[in-house]
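Please read the structure below before turning to the comments.
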Amino acid sequence: MDAESGSADVPRTQDVSSTHDPLSTHDAVNTQSAPGQRDASGTQLDELIERLTDTGEAVLAAQARLRELIVANSNVSKQLNPDNLLRAIAVEARRLVRAKHAGLGVVDESGRFFRFVNAHPDSTEIASTAEDGCGSAALGLLADIDFPLRLADVPEFLAAGSSASGHHLESFLGLPIRVHGHLYGSLYVVNSIAGEFSEEDEQLLTNFAASAALAVENSQLYLESERQRMWLSASAEVTEHLFARDGSSPLDLVLHHAVSGANADSATLALRNPDGSWSVHSAAGQWEAKLVGLALNSSDTFIGRVLEGGKPARTDDYGRDYSEIVAAHGIPPRYGPIMGVPLRTRSGTILGALSVSRGPGSDPFTAADLEHLGRYSAHVGVAMELDRARDAGEARRQVRDHERIAADLHDHVIQELFAASLGLSNVASTMEPAERVRVQVFAEAVDSASTRVRDSIFHLKAPKRTAEGLRRALMLVADEESHALGFTPRVAFAGQLDREVSGQLADDVVAVVRESLSNVARHAQATAASVQVGILGDELVIDVSDDGRGFDNVEQLDSDPASSGLINIRRRAETHAGTMHIRSVLDEGTQLHWTARIVAVT
């Protein structure tokens, strides 16, 4: 058993040894190869960590630039004032892509660049209508493209333009800004701090331009609402003052609000003259007072064309487009953009024209500006029409009152005075000569009072002339007197009465014709009468004739006009350095010949 035990133990020991040898050998091999493997794995891990670090830094950098984009968009979107908005766009664009210079050009409705804004590294921004050399070249490069333009190699003409303006141009990035699909302007940046602009810079600037376009749209909407509010407020205030009759000049207020609403420097209002011509009636502005009274009959003038065509109009440069008119009328060269609209009544009748202007080099008026001024002028035109209608209504009421008073005076006062005078004369005929003289003096005083009352009646009944002219007023007189005459008198005219005769002379002509026909109705017992009014040289001549009973003592009638009520006619003739003569034949009728010198046309 011992042998078996021993023999059994040896193999087990060998087995153990044999099993450990291979393992020991393998461990030795593994121990020798481990350092090389660890070097390879470490390199891969370092590379992975480096890549992760680079990616992380790129992500952080991208996040930082996105935050800058958000800040830039926020700074721009807060601006509603157009000038502040343009400066903010230029400044934020320069900061966003780390450029040394940025510029923004704005186009007008014709596509021409009219405003230029730039931003420099020292954070000073300049807004100007004049472009510097770099701006001109850059905007010219962007004028006809519809996509971002990034240049590492700047063209020679662009580099030359920048050198002339003091900028050394090395890199360039620019793109258009569009609002509602229409070109608003072009934005560009030059000279990247990094040397040249990257694709990432282009993407950032493209996104920023989209935000800038939205900010421009919001600014335009805000300004449009403010303009509408201002124009409506102006229309309400003008209408209120037209009807208030508070002593202020409503037309001056019309011009004041036109200047304010259109952001203009001056305004003029042209109205029709009594003779049908047009002239500047009112003006607002430092130099416009010299234009008041300027005739606008020629269609060569800007306002003349508005009046003749009856349509709104505008021009970007009055001094350029109407240089001959400016020189001919001595108009100061202080007018740049100008727009004008006709003033109309509700029926379409043109009352005048309203125009506003800005100084040379100012922003041109837009179609929206012209539309606002047109709506404002329509409100003003209707208000003026209503105001004139109210004046006409008051005038009609006044005429009716005057006619009533005149009838009362004629039917009661004059008749009573005539009866009193007649009674005094009858009493005087029965008195002693000494007392008769005293009573006769009183009778003549009563006659004189009767004459003055009659004169007042004629003044009350005399129609005021309107824009229709003297001829129309005389026809109205003939029609009114036909009731007392029992027939319609024949009226004839010679010469340009409506144009040559006006003012006090025209009023006296109406009064003379009225009084002459009234005398025919009272005394002549006529069946026909005629009135002829005409111009002979520098005199106005009136002939009133009838086929009545006439007078057999013309000399007495002519020398004592008070007895027949002709004193007023003679006095009116003498007022105008004229004469009055009467020719009469018994049972054949009477003719009155009246003249007046035409001194001046008003």
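Sequential numbering from -15 applies to the sequence shown in the working numbering. Virtual Cβ for every residue (Gly too), placed ideally from N, Cα, C. As the structure is a computational prediction, the values presented were derived from the model and not from experiment.
In the DSSP assignment, find the unbroken alpha helix (DSSP H) run with residue 75 in it and report its ends. Within the sequence shown, residue 75 is the residue found at index 91, counting from 1. Per DSSP, residue 75 belongs to the alpha helix (DSSP H) from 66 to 80.
Rounding to the nearest angstrom, what Cα-Cα distance links residue 464 and residue 420 in this structure? Along the sequence shown, one-based indexing puts residue 464 at 480. Along the sequence shown, one-based indexing puts residue 420 at 436. Straight-line Cα distance between these residues: approximately 42 Å.
Looking only at its own chain, which residues have a Cβ that is under 6 Å from the Cβ of residue 57, when we skip the five neighbours before and after it? Within the sequence shown, numbered from 1, the residue matching residue 57 stands at position 73. For residue 57, where only same-chain residues beyond five positions count, the Cβ hits under 6 Å are 195.
Where do the ends of the beta strand (DSSP E) carrying residue 175 lie? Looking up residue 175 in the sequence shown gives position 191. Here the beta strand (DSSP E) through residue 175 covers 166 to 176.
Leaving out five residues on either side along the sequence, give the residues of the same chain with a beta carbon under 7 Å from the beta carbon of residue 136. For the purposes of this step, residue 136 is identified with residue 152 of the sequence shown, where counting begins at 1. Hits under 7 Å: 155, 180.
Assuming contact is defined by CB atoms lying nearer than 8 Å, are residue 243 and residue 220 in contact in what I supplied? The residue you call residue 243 lines up with position 259 of the sequence shown. The residue you call residue 220 lines up with position 236 of the sequence shown. No, these two residues do not count as a Cβ contact at 8 Å.
So, with DSSP's three-state summary, where would you put residue 103? If you number the sequence shown from 1, residue 103 lands on position 119. Note: residue 103 maps to strand in three-state DSSP.
Report all residues from its chain with a CB closer than 6 Å to the CB of residue 344; omit the five preceding and five following residues, and keep chain order. In the sequence shown, the residue the question calls residue 344 occupies position 360. Exclusion of the five residues before and after residue 344 leaves 320 as the residues of its chain whose Cβ lies within less than 6 Å of its Cβ.
Put residue 579 into one of helix, strand or coil per three-state DSSP. Here the question's residue 579 lines up with position 595 in the sequence shown. Correct three-state label for residue 579: strand.
Buried or exposed: where does residue 76 fall if 16 or more other Cβ atoms within 10 Å of its Cβ makes it buried? Mapped onto the sequence shown, residue 76 falls at position 92. Buried is the call here.
Roughly how many whole angstroms lie between the Cα atoms of residue 581 and residue 294? For the purposes of this step, residue 581 is taken as residue 597 along the sequence shown, with counting starting at 1. For the purposes of this step, residue 294 is taken as residue 310 along the sequence shown, with counting starting at 1. Taking the straight line joining both Cα atoms gives about 39 Å.
Can you tell me which residues form a DSSP beta bridge with residue 298? To locate residue 298, count along the sequence shown from 1; it is residue 314. Answer is 323, bridged to residue 298.
For residue 590, count neighbouring Cβ atoms within 10 angstroms of its own Cβ and tell me buried if that reaches 16, exposed if not. The chain is shown only over -15 to 586; residue 590 falls outside these bounds and no answer can be derived.
Any idea what DSSP makes of residue 358, helix, strand or coil? Here residue 358 refers to the residue found at position 374 when the sequence shown is read from its first residue. Helix, per DSSP.
Residue 161 (DSSP reduced to helix, strand or coil): Locating residue 161 in the sequence shown gives position 177, counting from the first residue. The answer is strand: DSSP assigns residue 161 an E or B state.
Candidates 37, 188, 178, 62: closest to residue 52 by CA position: As a working mapping, residue 52 is identified with position 68 in the sequence shown. Closest option to residue 52, Cα to Cα, is 188.
Taking the straight line between their C-alpha atoms, what separation do you get for residue 448 and residue 247? Stepping through the sequence shown from its first residue, residue 448 is reached at position 464. Stepping through the sequence shown from its first residue, residue 247 is reached at position 263. Bear in mind that a pLDDT of 49 at residue 448, under 50, signals an unreliable position, so the model cannot answer this.
Taking C-alpha atoms, which residue in 492, 488, 432, 486 lies nearest to residue 461? Taking the sequence shown and counting its residues from 1, the one referred to as residue 461 is at position 477. Considering only 492, 488, 432, 486, the residue with the shortest C-alpha distance to residue 461 is 492.
On the DSSP letters alone, give me the boundaries of the alpha helix (DSSP H) that residue 466 sits inside. Start at 1 with the first residue of the sequence shown, and residue 466 comes out as number 482. Run containing residue 466: 454 to 469, per the alpha helix (DSSP H) assignment.
My assumption, with CB atoms under 8 Å, is that residue 82 sits in contact with residue 178. Please give the rounded CB distance. Along the sequence shown, read from residue 1 onward, the residue named residue 82 stands at position 98. Along the sequence shown, read from residue 1 onward, the residue named residue 178 stands at position 194. Contact flag correct, Cβ pair sits at about 7 Å.
For residue 519, the three-state DSSP class (helix, strand or coil): Sequence index remark: in the sequence shown, residue 519 carries index 535 (1-based). It is a strand residue.
Rounded Cβ spacing between residue 472 and residue 339 (contact assumed at less than 8 Å): The sequence position of residue 472 within the sequence shown is 488, counting from 1. The sequence position of residue 339 within the sequence shown is 355, counting from 1. Going by Cβ atoms, the distance from residue 472 to residue 339 rounds to 48 Å, so no, they are not a contact pair.
If contacts are defined as beta-carbon pairs under 8 Å, then residue 485 and residue 459 qualify, I think. What distance do you get, rounded to the angstrom? Indexing the sequence shown from 1 puts residue 485 at position 501. Indexing the sequence shown from 1 puts residue 459 at position 475. About 15 Å; that fails the 8 Å criterion.
On the DSSP letters alone, give me the boundaries of the beta strand (DSSP E) that residue 265 sits inside. For this step, residue 265 is matched to residue 281 along the sequence shown. Per DSSP, residue 265 belongs to the beta strand (DSSP E) from 262 to 268.
From residue 556 to residue 496, what distance separates their C-alpha atoms? Counting from one through the sequence shown, the residue named residue 556 turns up at place 572. Counting from one through the sequence shown, the residue named residue 496 turns up at place 512. Residue 556 and residue 496: Cα-Cα distance of roughly 8 Å.
Considering only their Cβ atoms, is the gap separating residue 370 from residue 326 smaller than 8 Å? Position 342 of the sequence shown, counted from the start, is the residue given in the question as residue 326. Position 386 of the sequence shown, counted from the start, is the residue given in the question as residue 370. Cβ atoms of residue 326 and residue 370: not closer than 8 Å.
Collapsed DSSP secondary structure at residue 497 in the structure displayed: On the sequence shown, position 513 is the one that residue 497 refers to. Residue 497 falls in the helix class under three-state DSSP.
Three-way DSSP call (helix, strand, coil) for residue 45 in this model: The residue you call residue 45 lines up with position 61 of the sequence shown. Residue state, collapsed to three classes: helix.
Return helix, strand or coil for residue 225, following the three-state DSSP convention. Taking the sequence shown and counting its residues from 1, the one referred to as residue 225 is at position 241. Three-state result, residue 225: helix.
Where do the N-terminal and C-terminal ends of the beta strand (DSSP E) with residue 591 fall, by residue? In the structure as shown, the chain starts at -15 and stops at 586, and residue 591 therefore has no counterpart that could be examined.
Neighbourhood of residue 138 by C-beta, 6 Å cutoff - its chain only, sequence neighbours within 5 removed: As a working mapping, residue 138 is identified with position 154 in the sequence shown. The answer, listed in chain order, is 153, 156.
Euclidean distance between Cα positions of residue 70 and residue 128: For this step, residue 70 is matched to residue 86 along the sequence shown. For this step, residue 128 is matched to residue 144 along the sequence shown. Those two C-alpha atoms are separated by around 21 Å.
Cutting at 6 Å between CB atoms, please list the residues of its own chain near residue 206, excluding the five before and the five after it. As a first step, residue 206 is located in the sequence shown; it is residue number 222 there, counting from the start. Once the five neighbours on either side are set aside, the close Cβ partners of residue 206 are 64.
Reduced DSSP category for residue 131 - H, G, I as helix; E, B as strand; rest coil: Numbered from its first residue, the sequence shown carries residue 131 at position 147. If DSSP states are grouped into helix, strand and coil, residue 131 belongs with coil.
Is residue 276 helix, strand or coil when you go by DSSP? For the purposes of this step, residue 276 is taken as residue 292 along the sequence shown, with counting starting at 1. Coil at residue 276, not helix or strand.
Please classify residue 285: is it buried, with 16 or more other beta-carbons within 10 angstroms of its beta-carbon, or exposed? Locating residue 285 in the sequence shown gives position 301, where the first residue counts as 1. Buried, since its Cβ has 16 or more Cβ neighbours within 10 Å.
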